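Be aware that the sequence shown starts at 1333, since it is given in the working numbering, and climbs by one per residue.
Where a beta carbon is used, it is the ideal one built from N, C-alpha and C, also for glycine.
Because the structure is a prediction, the values reported are computed rather than measured.
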Amino acid sequence: MAGPSIPPDIAAMSFEEALEELEKIVRRLEEGKGKLDEAVRSYERGAALKKHCEAKLSEAQAKVEKIVLGPEGQVGTEPADTN
1333 MAGPSIPPDI AAMSFEEALE ELEKIVRRLE EGKGKLDEAV RSYERGAALK KHCEAKLSEA
1393 QAKVEKIVLG PEGQVGTEPA DTN
């Protein structure tokens, strides 16, 4: 995905921390209060937070495994189909 990289302070956040901040930004923007410059900066930060949350979700999805039963009855795991 092209575009600016995620700022280091956002990259260090957990999914939950980033989502919480993103929700606060959305609420502030929905209220429509404040100056235009502040709203633009908030929107840009929100976009970076969204990108970070999507990356964290993709990482988690890639780690998910499904349990399978092998041909001889043994239980094993294989990567989940993420498509």
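- The beta carbon of ARG1377 lies closer than 7 Å to those of ILE1357 in the same chain, with the five residues before and after it left out.
- Between CYS1385 and ALA1343, the beta carbon gap of about 12 Å keeps them out of contact (Cβ cut-off 8 Å).
- For the pair LEU1381 and GLU1353, the CB atoms are nearer than the 9 Å cut-off.
- Comparing alpha carbon positions, the residue from ARG1360, LYS1383, ALA1371, GLN1406 closest to PRO1339 is LYS1383.
- Secondary structure of VAL1358 (DSSP, three-state): helix.
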